[in-house]
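Engineer: Read in this note's numbering, the sequence shown has 474 at position 270, and its numbers run on one by one without any break.
Positions of the beta carbon are idealized from the N, C-alpha and C atoms, including for glycine.
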Amino acid sequence: MSSIERSGIPSVFIIFEDQDKVWEEACRLNGVPNIRRVWGSRHIPGPEDVPTWIDDLMDALVRPLTDVEKNPPEWKVENPRYIFEGALLEAIDFFNQETPIPQLYNNAPVMKFTDGLPIVPPTEELVEKMLKGTSHKPDEIITYQADRRLGDRVQQMGSSGIKGDPVHFMPMRRTATVEKIATIGVMAGCKPEYMPVLLAIAEAGGGCGDGRGGGAYCISGPIAKEIGMNFDTNVLGGTNRANRSIGRAAELMWKCLGENIPNVTNAGVWGNSLNNCFPENDDALPEGWATLREEFDFGKDESCIVPIHMGFSVRNTEFMPGGYRELQKSGHGGIARRLGVKGIQGPHNFMEYFIDHLWADGEGGKTFFLLPEMARDMKAYGFNTKDDVYEWLYKKSFMTMKEYRTHQSPDVWTNGWRSIEPTSGKPWLELPEDYMVPAVADPFMNCIIVTGGGEEMALWTGGRGRESAVGIDAWR
205 MSSIERSGIP SVFIIFEDQD KVWEEACRLN GVPNIRRVWG SRHIPGPEDV PTWIDDLMDA
265 LVRPLTDVEK NPPEWKVENP RYIFEGALLE AIDFFNQETP IPQLYNNAPV MKFTDGLPIV
325 PPTEELVEKM LKGTSHKPDE IITYQADRRL GDRVQQMGSS GIKGDPVHFM PMRRTATVEK
385 IATIGVMAGC KPEYMPVLLA IAEAGGGCGD GRGGGAYCIS GPIAKEIGMN FDTNVLGGTN
445 RANRSIGRAA ELMWKCLGEN IPNVTNAGVW GNSLNNCFPE NDDALPEGWA TLREEFDFGK
505 DESCIVPIHM GFSVRNTEFM PGGYRELQKS GHGGIARRLG VKGIQGPHNF MEYFIDHLWA
565 DGEGGKTFFL LPEMARDMKA YGFNTKDDVY EWLYKKSFMT MKEYRTHQSP DVWTNGWRSI
625 EPTSGKPWLE LPEDYMVPAV ADPFMNCIIV TGGGEEMALW TGGRGRESAV GIDAWR
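Below, the structure is given as structure tokens:
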């Protein structure tokens with residue numbers, strides 16, 4: 205819309221009143237701070253809603269531009285240096301400043317510098333010590349160390365994705381220096397040896413992604429052991445310093461660099477703070493199963509991070525304690541009954557237990573967190589490689605058009621079912637009800653991460669882009 209407006213074609217946004225401030229900030233960032241907009245309703249049916257704003261819309265389209273609209277003031281994003289000098293208690297007070305937000309109910313305040321939790325005040329001495337964890341200079345701008353594009357598609361919103369170009373942190377499109385990342389590392393409680401990981405996370409967008417947060421990062425490679433990450437029980441929990449503090453640093457990047465402010469720069473409905481960092485357990489991979497970094501075309505001796513979208517779509521397999529063991533050991537329990545293998549000892553493909561509803565609430569690739577024992581059982585069952593599992597999942601994802609038309613997201617990406625379905629070459633609207641379509645466009649949009657330990661349970665979450673891994677070693 206901003207490109208259309210700047211090219212001279214009159215444009216007017218139809219938005220919701222409660223998101224007006226967010227829209228205003230987005231317009232400012234896109235160079236059209238005075239673009240016109242009208243308010244539609246979230247709940248009034250269309251035929252009743254349109255008459256309430258259509259006259260204002262038409263007027264906004266044809267009314268001559270004002271001088272301010274023709275010559276918007278230049279706007280620059282502030283990006284100051286915040287490293288405190290003074291007494292410790294003064295520093296704690298400084299970084300715990302709050303700012304009331306009029307757009308929030310009761311003028312609820314948000315933290316000016318942090319995520320709302322206590323932080324380590326970033327003194328000059330601590331930041332200098334943190335910078336010893338990398339060979340990169342403090343004033344070096346965070347740039348792409350390799351291309352992050354797939355054809356013409358940019359892999360990070362707000363940035364070019366081209367090697368050597370600066371990374372922009374959403375939603376404010378700030379840039380950052382190595383020193384800023386070190387400062388955030390201090391605040392989050394990180395050690396200097398974590399710096400290459402922190403800088404790789406910064407290259408990946410720093411917990412911001414598209415500006416709504418809720419990400420996680422899987423570390424694949426030797427550096428996970430070097431910095432003492434937890435590979436075992438409670439791998440997503442808060443008891444290991446490396447796992448937890450690196451994840452929190454990503455959250456602080458979103459706040460300090462992206463400037464996450466609810467209902468001002470961030471329109472995320474529920475919000476979440478699920479920025480986790482956890483390692484892949486190479487040693488637990490069955491023979492023939494590739495490491496995550498090898499799947500992303502890194503060498504086995506290299507290290508990388510893989511951003512994982514967690515959000516609210518994380519699910520578990522709902523296995524009661526011991527249920528998985530009953531299935532694999534002797535074919536007993538509810539899982540065995542559902543799979544029709546009662547009394548038959550394993551190995552069994554436990555994914556059959558939940559495959560029928562895997563895509564019930566959303567299409568696209570899924571990321572699976574498998575405990576080592578479960579990965580071994582999948583290999584014993586006959587999945588000799590991860591690719592075998594991906595292919596099986598792809599085949600199982602097919603459903604009839606009758607079922608597919610009851611899903612919501614295809615309404616958008618099929619352009620209201622008027623675009624062309626790639627396999628048949630026909631418009632989606634013309635396909636018969638018994639035509640079969642996959643819920644995941646490509647088998648390798650799915651992902652398997654082997655990690656953790658303890659009682660048998662698998663997790664899965666939606667959303668995965670195979671081209672999104674970021675190398676760590678370039679930041680050493």
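If you scan the segment 388-431 from start to end, which runs of the beta strand (DSSP E) of 3 or more residues do you find wholly inside it?
Structural biologist: DSSP runs (the beta strand (DSSP E)) wholly in the segment 388-431: 419-424.
Engineer: Which whole-angstrom value is the C-beta distance of S507 and I427, which I expect to be below 8 Å?
Structural biologist: By 1-based counting over the sequence shown, the position of residue 507 is 303. By 1-based counting over the sequence shown, the position of residue 427 is 223. Confirmed, Cβ separation roughly 4 Å.
Engineer: Provide the residue span of the alpha helix (DSSP H) that contains G250, from first to last.
Structural biologist: Residue mapping note: residue 250 aligns to position 46 of the sequence shown, counting from 1. From DSSP, the alpha helix (DSSP H) with G250 extends over G250 to V266.
Engineer: Between which two residues does the beta strand (DSSP E) harbouring S530 extend?
Structural biologist: The count along the sequence shown starts at 1 and reaches residue 530 at position 326. Checking the displayed sequence, the identity of residue 530 turns out to be Glu instead of Ser. It is not in any beta strand (DSSP E) - E530 instead sits in the alpha helix (DSSP H) that spans G527 to S534.
Engineer: In chain order, what residues of the same chain have a beta carbon less than 6 Å from the beta carbon of D638, not counting five sequence neighbours either side?
Structural biologist: Taking the first residue of the sequence shown as 1, we reach residue 638 at position 434. So the list reads T604, once near-sequence residues are dropped.
Engineer: Relative to the alpha-carbon of V654, which residue among R580, I431, D615 and I624 has its alpha-carbon at the smallest distance?
Structural biologist: For this step, residue 654 is matched to residue 450 along the sequence shown. The shortest C-alpha separation from V654 is found at R580.
Engineer: Does the distance from the C-beta atom of A380 to that of I346 stay below 8 Å?
Structural biologist: For this step, residue 380 is matched to residue 176 along the sequence shown. For this step, residue 346 is matched to residue 142 along the sequence shown. Yes, Cβ-Cβ distance for A380 and I346 is below 8 Å.
Engineer: Taking DSSP's pairing of strands, which residues face W679 in a bridge?
Structural biologist: Residue numbering aside, residue 679 sits at position 475 when the sequence shown is read from its first letter. Per DSSP, none; premise fails for W679.
Engineer: What did DSSP end up calling N310 once you bin it into helix, strand or coil?
Structural biologist: The residue labelled residue 310 in the question sits at position 106 within the sequence shown. Correct three-state label for N310: helix.
Engineer: Which value, in whole angstroms, describes the spacing of the CA atoms of K429 and G235?
Structural biologist: To locate residue 429, count along the sequence shown from 1; it is residue 225. To locate residue 235, count along the sequence shown from 1; it is residue 31. Rounded to whole angstroms, K429 to G235 spans 45 Å at the Cα level.
Engineer: Taking buried to mean at least 16 other C-beta atoms within 10 Å of its own C-beta, is N485 buried or exposed?
Structural biologist: Translated into the one-based positions of the sequence shown, residue 485 becomes position 281. Label assigned to N485: buried.
Engineer: By DSSP's criteria, Q220 is part of a beta bridge. Which residues make up the other side?
Structural biologist: For the purposes of this step, residue 220 is taken as residue 16 along the sequence shown, with counting starting at 1. Correcting the residue identity first, residue 220 is Phe in this sequence and not Gln. BP columns for F220 point to G244.
Engineer: Helix, strand or coil: how does DSSP classify V272 here?
Structural biologist: In the sequence shown, counting from the first residue as 1, residue 272 sits at position 68. Helix.
Engineer: Taking 6 Å as the limit between beta carbons, can you name the residues of its chain near N283, skipping five residues before and five after?
Structural biologist: Taking the sequence shown and counting its residues from 1, the one referred to as residue 283 is at position 79. The residues are R378.
Engineer: So which of P237, T256 and M578 has the shortest CA-CA distance to S245?
Structural biologist: Within the sequence shown, residue 245 is the residue found at index 41, counting from 1. For the residues P237, T256 and M578, the minimum Cα distance to S245 belongs to T256.
Engineer: My output table needs one value for M376: the three-state DSSP class, helix, strand or coil.
Structural biologist: For the purposes of this step, residue 376 is taken as the residue at position 172 of the sequence shown. Coil, per DSSP.
Engineer: Just the C-alpha distance for V331 and F288, rounded to the nearest angstrom, thanks.
Structural biologist: By one-based count along the sequence shown, residue 331 stands at place 127. By one-based count along the sequence shown, residue 288 stands at place 84. Going from the Cα of V331 to the Cα of F288 covers about 10 Å.
Engineer: Given that a residue counts as buried once 16 or more other Cβ atoms are within 10 Å of its Cβ, and exposed if not, what is V272?
Structural biologist: Residue 272 sits at position 68 when you count from the first residue of the sequence shown. With fewer than 16 other Cβ atoms within 10 Å, it is exposed.
Engineer: If I follow the unbroken alpha helix (DSSP H) through K606, where does it start and stop?
Structural biologist: Here residue 606 refers to the residue found at position 402 when the sequence shown is read from its first residue. Taken as a continuous stretch (DSSP letters only), the alpha helix (DSSP H) holding K606 covers M605 to Y608.
Engineer: For E328 and T665, I'd like the C-alpha separation in whole angstroms.
Structural biologist: Here the question's residue 328 lines up with position 124 in the sequence shown. Here the question's residue 665 lines up with position 461 in the sequence shown. C-alpha separation (whole angstroms): 40 Å.
Engineer: Just to confirm the assignment, what range does the beta strand (DSSP E) spanning M640 have?
Structural biologist: Here residue 640 corresponds to residue number 436 of the sequence shown, with the count starting at 1. Run containing M640: M640 to P642, per the beta strand (DSSP E) assignment.
Engineer: What residue range is occupied by the uninterrupted alpha helix (DSSP H) comprising V331?
Structural biologist: The count along the sequence shown starts at 1 and reaches residue 331 at position 127. It spans E328 to L335 - the alpha helix (DSSP H) in which V331 sits, taken as one unbroken run.
Engineer: With respect to the alpha helix (DSSP H) encompassing P614, which residues constitute its N-terminal and C-terminal limits?
Structural biologist: Taking the first residue of the sequence shown as 1, we reach residue 614 at position 410. Where P614 is concerned, the enclosing alpha helix (DSSP H) stretches over P614 to W617.
Engineer: Along the chain, where does the beta strand (DSSP E) that runs through K570 open and close?
Structural biologist: In the sequence shown, counting from the first residue as 1, residue 570 sits at position 366. Segment K570 to L574, the beta strand (DSSP E) holding K570.
Engineer: Throw me the rounded Cβ distance for the N553 and Y585 pair, which I believe falls under 8 Å.
Structural biologist: Numbered from its first residue, the sequence shown carries residue 553 at position 349. Numbered from its first residue, the sequence shown carries residue 585 at position 381. Yes, they are in contact, since the Cβ atoms of N553 and Y585 sit about 5 Å apart, within 8 Å.
Engineer: In the DSSP assignment, find the alpha helix (DSSP H) that holds E302 and state where it starts and stops.
Structural biologist: Here residue 302 corresponds to residue number 98 of the sequence shown, with the count starting at 1. Looking at the DSSP string, E302 is not in any alpha helix (DSSP H); the run it does join, the beta strand (DSSP E), is E302 to P304.
Engineer: Is Y348 near V371, with beta carbons less than 8 Å apart?
Structural biologist: By one-based count along the sequence shown, residue 348 stands at place 144. By one-based count along the sequence shown, residue 371 stands at place 167. For Y348 and V371, yes; Cβs fall inside 8 Å.
Engineer: Starting from the C-beta of V254, find all residues in its chain whose C-beta is less than 6 Å away, skip the five residues before and the five after it, and write them out in chain order.
Structural biologist: Here residue 254 corresponds to residue number 50 of the sequence shown, with the count starting at 1. For V254, where only same-chain residues beyond five positions count, there are no Cβ hits under 6 Å.
Engineer: Keeping to the same chain, check which residues put their C-beta closer than 8 Å to that of D356; ignore five residues upstream and five downstream.
Structural biologist: Numbered from 1 along the sequence shown, position 152 holds the residue referred to as residue 356. Low local confidence applies: a pLDDT of 49 at D356 is under 50, so the model's placement there is unreliable, with the coordinate-based value given in what follows. The answer is none, since no qualifying residue turns up.
Engineer: To which residues does DSSP link C508 through a beta bridge?
Structural biologist: The sequence position of residue 508 within the sequence shown is 304, counting from 1. Looking at the DSSP assignment, C508 forms a beta bridge with S424 and G675.
Engineer: For H561 and N300, what's the separation of their Cα atoms in angstroms?
Structural biologist: In the sequence shown, counting from the first residue as 1, residue 561 sits at position 357. In the sequence shown, counting from the first residue as 1, residue 300 sits at position 96. Whole-angstrom Cα-Cα distance: 45 Å.
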